[in-house]
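Trainee:
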Amino acid sequence: MDGVFSQLISGFGLLFTPAPLIMIPCGVVLGIIFGALPGLTATLGVAVLMPLTFFMDPVPGISFLLGVYCGGIYGGSIPAILVNTPGTPAAAATLLDGFPLARKGQALKTLQMALLASVIAGLISCATLIFVSPPLASLALRFGPPEFFALAIFGLTIVATVSGKSLLKGLIAASLGLIICFVGLDPIIGLPRLTFGVIQLQSGFALVPALIGLFAISEVMIQSETAWKPKVTEVLKLTGENLKLREFKGSVVSIIRGSFIGTFIGAIPGTGAAISAFVSYGEAKRTSKHRHEFGQGCLEGVAAAESGNNGVTGATLIPLLTLGIPGDTVTAVLFGALLVQGLTPGPLLFVRSADIMFAIFSGLILCNIVMLIVGAVGVRFFYRVPLINPAFLYPAILALCIVGAYAVNSSLFDVFVMLGFGLLGYLLRKLDFPLPPVLLGIVLGPLAESNLRRGLIMTGGDIGAFFSRPITLIVLGIALASVIFFMVRGLRE
Amino acid sequence: MNTQQVEGGLNSKLADVFGAGFIIIFGLWLNFWAIPHYIISKFEFAGPPPETIPSVSSLLIILLGIGLLVTSLLSYLAFRRQQRLAQAKKDTKALETIAQRSRRVSMRPIAFVTLLLALLYTIFLREAGFLLGTSVLIIVLFKLFGGKKWWQGAIIGVSVSGILWGVFRIYLHVALPTGFWERFFG
Chain Y
24 MDGVFSQLIS GFGLLFTPAP LIMIPCGVVL GIIFGALPGL TATLGVAVLM PLTFFMDPVP
84 GISFLLGVYC GGIYGGSIPA ILVNTPGTPA AAATLLDGFP LARKGQALKT LQMALLASVI
144 AGLISCATLI FVSPPLASLA LRFGPPEFFA LAIFGLTIVA TVSGKSLLKG LIAASLGLII
204 CFVGLDPIIG LPRLTFGVIQ LQSGFALVPA LIGLFAISEV MIQSETAWKP KVTEVLKLTG
264 ENLKLREFKG SVVSIIRGSF IGTFIGAIPG TGAAISAFVS YGEAKRTSKH RHEFGQGCLE
324 GVAAAESGNN GVTGATLIPL LTLGIPGDTV TAVLFGALLV QGLTPGPLLF VRSADIMFAI
384 FSGLILCNIV MLIVGAVGVR FFYRVPLINP AFLYPAILAL CIVGAYAVNS SLFDVFVMLG
444 FGLLGYLLRK LDFPLPPVLL GIVLGPLAES NLRRGLIMTG GDIGAFFSRP ITLIVLGIAL
504 ASVIFFMVRG LRE
Chain R
65 MNTQQVEGGL NSKLADVFGA GFIIIFGLWL NFWAIPHYII SKFEFAGPPP ETIPSVSSLL
125 IILLGIGLLV TSLLSYLAFR RQQRLAQAKK DTKALETIAQ RSRRVSMRPI AFVTLLLALL
185 YTIFLREAGF LLGTSVLIIV LFKLFGGKKW WQGAIIGVSV SGILWGVFRI YLHVALPTGF
245 WERFFG
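Those sequence lines, one after another, are chains Y and R. Going from the first sequence to this note's numbering is simple: count from 1 and add 23. Going from the second sequence to this note's numbering is simple: count from 1 and add 64.
What follows is the structure in structure tokens.
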């Protein structure tokens, strides 16, 4: 415990330099803007802004992205409350009580409650990350290639089963991601695979352009179909009194409970802020003395939903940083950002770069504090963000995506790759295939393959030896059980 | 309830059938590449060959594609049966329910035009230069996305290009293409 505190203080020491202190507020502001715009999401914000961090040091760069993430999750509550449209999927539970409250002329205190709940939940989640990660990373140092192979398969199957409505489409998407990651030179022997003689493909598809294309370009293409007809033409006015201490105290229990629900759910790969927001809301409704007011304008409902969704922000980093397994799209994007910074996610991160890790943890704490200040001061600006005309917005985002993809290697080939993945992402979304499994397939595929082949070399080619290791057996068993569970549920439906 | 709304639901199920067919073809193509290479590599190298997981993935994608084809075909046939029954009984409420449950897949040309413009921009980026090329792209897209006034598009185009230039070229020191301006200004 003392070691953690002393490392955290050292982390703050690395953080209080000009670059992080400028980048964190910038990240939070941009994140709130991305979250507040219906059609954009925190994930898109992190993906589109990620190239900016390549030329920064790890601490300001990763802290900037975490600021975008935290700000984006909170920002989704603004249109949920004022327009009855969630800015991000995570804010879908917020509008159940947020919009009715705003219609009653209590928009200001509702936004303030959403902000406070988000910040408190973010800090609790961050504390969990700080205290759970080092011991989990120490445990993971004992894992061998079979265990990491099992974890990669577990991450893939969980995301494939939970994302989207169709299990088959989720698994196909994950398989597609695996196939995409095989393009290039074989990592062990060095033979080209699926390169078709194209020299630029020998290093495979660059992760960043693929990611930006899949999420951002496909989103621009989809939004272009309705951009001429702006979805938001009016927002409710920012009326009413400020939030009173008595009103806040009435929701403290829901906020704390929602924070822990968000933290627990966020740590599980494949889940996300939307699920935890609804679970937290449901629990608050079930246990509240004012449960009859839920759905008609109850501050406690807003507090529960927002604490549930922001509670995932720190916890979702636990499997990424300790095991190297991203559990959702945002952490898959952060995986790419960490790699570019020369930080390979996994247990060795806490051995080789513990100082940077704790600086990033400190950065996440600061992001939440800055979000409180920025959200409180800037509420009279942010509430107008949903009104921005898409005709102004999407061309700028497209230009940013192109220059971001180009900036990775100063290569136009990467831009073509990005556009190709954009087309693929658009087609997949139109056919209702989920994108997170594709991305995780691209990210986890190399991990799965290299650990499988190393493990087979280790066991002399005997795949059965994998199952004699208890952790491998348990993790693969859970992965198989989740597939069977969702298959049976799908057949019943 | 007119049949147009009910017919719209067919597209999503048919789209799934066509999508599954394409996935199976893709999986077969990949398999024809991966399996022979796997066999050859087995003789050439000790340990698991490079094509191990590509072979497994291609087989998996074929199986999953077949599964999707079967389920989407069954779903489509069930949908058609329900639709015919409801039409025979002239049950408008049932037809409405069927239409609400089904989904239409539509791809508008503007999405592909947007992509094409981005592609053209990328092709001519080195010749036009970043500032000019990006400004033109943004202005054209602004009009395409329903922007009303040219001067608004011009302001957005120039200012966004300038901001991106400032951030990437000056702050992050990324070498952005200068285009034909370089011949005049060096």
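We put the beta carbon where it would ideally sit given N, CA and C, even for glycine. Just so you know, these numbers come straight off a predicted model, no measurement behind them.
How is Pro61 (chain Y) classed by DSSP in three states: helix, strand or coil?
Mentor: The residue given as residue 61 (chain Y) occupies position 38 in the first sequence. Coil at Pro61 (chain Y), not helix or strand.
Trainee: Which word fits Asp80 (chain R), buried or exposed, when buried means at least 16 other C-beta atoms lie within 10 angstroms of its C-beta?
Mentor: As a first step, residue 80 (chain R) must be located in the second sequence, where it is residue number 16. Looking at its Cβ environment, which holds 16 or more other Cβ atoms inside 10 Å, Asp80 (chain R) is buried.
Trainee: Just how far apart, CA to CA, sit Arg492 (chain Y) and Ala163 (chain Y)?
Mentor: As a working note, residue 492 (chain Y) is residue 469 in the first sequence. As a working note, residue 163 (chain Y) is residue 140 in the first sequence. Their backbone Cα atoms lie some 14 Å apart in a straight line.
Trainee: According to DSSP, is Gly207 (chain Y) part of a helix, a strand, or is it coil?
Mentor: Translated into the one-based positions of the first sequence, residue 207 (chain Y) becomes position 184. If DSSP states are grouped into helix, strand and coil, Gly207 (chain Y) belongs with the strands.
Trainee: I need the straight-line Cα distance from Ala197 (chain Y) to Gly273 (chain Y), nearest angstrom please.
Mentor: As a position in the first sequence, residue 197 (chain Y) is number 174, starting the count at 1. As a position in the first sequence, residue 273 (chain Y) is number 250, starting the count at 1. Each residue's Cα considered, the two are about 44 Å apart.
Trainee: For Thr156 (chain R), decide whether its Cβ has a neighbour in chain Y, counting only Cβ atoms nearer than 9 Å.
Mentor: Here residue 156 (chain R) corresponds to residue number 92 of the second sequence, with the count starting at 1. Judged by the 9 Å Cβ criterion, Thr156 (chain R) is not in contact with chain Y.
Trainee: What three-state label does DSSP hand Arg269 (chain Y) in the structure shown?
Mentor: As a working mapping, residue 269 (chain Y) is identified with position 246 in the first sequence. Helix, per DSSP.
Trainee: Do Ala192 (chain R) and Val200 (chain R) have their beta-carbon atoms positioned less than 9 Å apart in this structure?
Mentor: Locating residue 200 (chain R) in the second sequence gives position 136, where the first residue counts as 1. Locating residue 192 (chain R) in the second sequence gives position 128, where the first residue counts as 1. Result yes, Cβ atoms of Val200 (chain R) and Ala192 (chain R) sit closer than 9 Å.
Trainee: Who does Arg10 (chain Y) pair with in a DSSP beta bridge?
Mentor: Since the first residue shown for chain Y is 24 and the last is 516, residue 10 (chain Y) is missing from the structure and cannot be characterised.
Trainee: Does DSSP classify Phe209 (chain R) as helix, strand or coil?
Mentor: On the second sequence, position 145 is the one that residue 209 (chain R) refers to. It is coil, neither helix nor strand.
Trainee: Is there a C-beta anywhere in chain Y that falls below 9 Å from the one on Leu92 (chain R)?
Mentor: On the second sequence, position 28 is the one that residue 92 (chain R) refers to. No, no contact with chain Y.
Trainee: Would a check of beta-carbon distances place Gln466 (chain Y) closer than 9 Å to chain R?
Mentor: Against the first sequence, residue 466 (chain Y) aligns to sequence position 443. It is Val, not Gln, that sits at residue 466 (chain Y) in the sequence shown. No, its Cβ sits nowhere closer than 9 Å to a Cβ of chain R.
Trainee: Return the residue from the list Y:Gly478, Y:Leu442, Y:Ser161 that minimises the CA-CA distance to Leu180 (chain R).
Mentor: The count along the second sequence starts at 1 and reaches residue 180 (chain R) at position 116. With distances taken between Cα atoms, Leu180 (chain R) lies closest to Y:Leu442.
Trainee: Between Val69 (chain Y) and Ser247 (chain Y), what straight-line distance do the alpha-carbon atoms span, to the nearest angstrom?
Mentor: Position 46 of the first sequence holds residue 69 (chain Y). Position 224 of the first sequence holds residue 247 (chain Y). Going by the C-alpha atoms only, they are around 21 Å apart.
Trainee: Can you give the Cα-Cα distance for Gly220 (chain Y) and Leu89 (chain Y), rounded to whole angstroms?
Mentor: Working through the first sequence from its first residue, we reach residue 220 (chain Y) at position 197. Working through the first sequence from its first residue, we reach residue 89 (chain Y) at position 66. Each residue's Cα considered, the two are about 39 Å apart.
Trainee: If you draw a straight line from the alpha carbon of Leu134 (chain Y) to that of Leu416 (chain Y), how long is it in whole angstroms?
Mentor: For the purposes of this step, residue 134 (chain Y) is identified with residue 111 of the first sequence, where counting begins at 1. For the purposes of this step, residue 416 (chain Y) is identified with residue 393 of the first sequence, where counting begins at 1. The straight-line gap from Cα to Cα measures roughly 24 Å.
Trainee: Is Phe287 (chain Y) near the ligand SAH - that is, is its Cβ less than 8 Å away from at least one heavy atom of it?
Mentor: No copy of the ligand SAH appears in this structure; indeed no ligand is present at all.
Trainee: For the region 368-444 of chain Y, which segments carrying the alpha helix (DSSP H) assignment without a break, of at least 4 residues, lie completely within its bounds, in sequence order?
Mentor: For the region 368-444 of chain Y, whole alpha helix (DSSP H) runs of length 4 or above, ordered along the chain, are 372-375, 377-405, 413-432.
Trainee: Answer with yes or no whether the minimum CB distance from Arg492 (chain Y) to chain R is below 9 Å.
Mentor: Position 469 of the first sequence, counted from the first residue, corresponds to residue 492 (chain Y). Not one chain R Cβ lies under 9 Å of Arg492 (chain Y).
Trainee: Reducing DSSP to helix, strand and coil, say where Met171 (chain R) ends up.
Mentor: On the second sequence, residue 171 (chain R) is found 107 positions in, with the first residue counted as 1. Met171 (chain R): coil per DSSP, three-state reduction.
Trainee: Can you find at least 3 beta carbon pairs, one from the region 387-401 of chain Y and one from the region 159-173 of chain Y, that sit closer than 8 Å?
Mentor: No, the region 387-401 of chain Y is not in contact with the region 159-173 of chain Y.
Trainee: Please go through the same chain and pick out, in chain order, the residues whose beta-carbon is closer than 8 Å to the beta-carbon of Phe232 (chain R), but skip the five residues on each side of it.
Mentor: Walking along the second sequence from the start, residue 232 (chain R) turns up at place 168. Same-chain partners within the cutoff: Val238, Leu240.
Trainee: Could you give the first and the last residue of the continuous alpha helix (DSSP H) run that contains Leu132 (chain R)?
Mentor: If you number the second sequence from 1, residue 132 (chain R) lands on position 68. Note, Leu132 (chain R): alpha helix (DSSP H), 116-153.
Trainee: Give the single residue among Y:Gly331, Y:Ile411, Y:Val440, Y:Leu503 whose Cα lies nearest to the Cα of Ser299 (chain Y).
Mentor: On the first sequence, position 276 is the one that residue 299 (chain Y) refers to. Among Y:Gly331, Y:Ile411, Y:Val440, Y:Leu503, the Cα nearest to that of Ser299 (chain Y) is on Y:Gly331.
Trainee: Could you check where the alpha helix (DSSP H) with Phe508 (chain Y) kicks off and where it finishes?
Mentor: As a first step, residue 508 (chain Y) must be located in the first sequence, where it is residue number 485. Unbroken alpha helix (DSSP H) run through Phe508 (chain Y): 493-515.
Trainee: So, is the C-beta of Val411 (chain Y) closer than 9 Å to a C-beta in chain R?
Mentor: Working through the first sequence from its first residue, we reach residue 411 (chain Y) at position 388. According to the sequence displayed, residue 411 (chain Y) carries Ile and not Val. Not one chain R Cβ lies under 9 Å of Ile411 (chain Y).
Trainee: If you drop the 5 nearest sequence neighbours on each side, which residues of the same chain put their C-beta closer than 6 Å to that of Pro547 (chain Y)?
Mentor: Past the boundaries of the shown model lies residue 547 (chain Y); chain Y is included only from 24 to 516, so the question cannot be answered.
Trainee: I'd like to know if Gln147 (chain R) contacts chain Y, where contact means its C-beta is closer than 9 Å to some C-beta of that chain.
Mentor: To locate residue 147 (chain R), count along the second sequence from 1; it is residue 83. Closer than 9 Å: no.
Trainee: Can you tell which of Y:Met46, Y:Phe301, Y:Phe489 has its C-alpha closest to the C-alpha of Phe78 (chain Y)?
Mentor: Here residue 78 (chain Y) refers to the residue found at position 55 of the first sequence. Of the listed residues, the one whose Cα sits closest to Phe78 (chain Y) is Y:Met46.
Trainee: Say whether chain Y places a C-beta atom closer than 9 Å to the C-beta of Leu205 (chain R).
Mentor: To locate residue 205 (chain R), count along the second sequence from 1; it is residue 141. At least one chain Y Cβ lies under 9 Å of Leu205 (chain R).
Trainee: I think Ala355 (chain Y) touches Leu463 (chain Y), with their Cβ atoms under 8 Å apart; what is that distance to the nearest whole Å?
Mentor: Within the first sequence, residue 355 (chain Y) is the residue found at index 332, counting from 1. Within the first sequence, residue 463 (chain Y) is the residue found at index 440, counting from 1. Sure, about 6 Å apart at Cβ, within 8 Å.
Trainee: Just to check my reading of the structure: Arg452 (chain Y) and Ser241 (chain Y) have Cβ atoms closer than 8 Å, yes? What is that Cβ distance to the nearest angstrom?
Mentor: Here residue 452 (chain Y) refers to the residue found at position 429 of the first sequence. Here residue 241 (chain Y) refers to the residue found at position 218 of the first sequence. Going by Cβ atoms, the distance from Arg452 (chain Y) to Ser241 (chain Y) rounds to 6 Å, so yes, they are a contact pair.
Trainee: Would you verify that the beta carbon of Tyr406 (chain Y) is, or is not, closer than 9 Å to some beta carbon of chain R?
Mentor: As a working mapping, residue 406 (chain Y) is identified with position 383 in the first sequence. Not closer than 9 Å to any Cβ of chain R, the Cβ of Tyr406 (chain Y) fails to qualify, so no.
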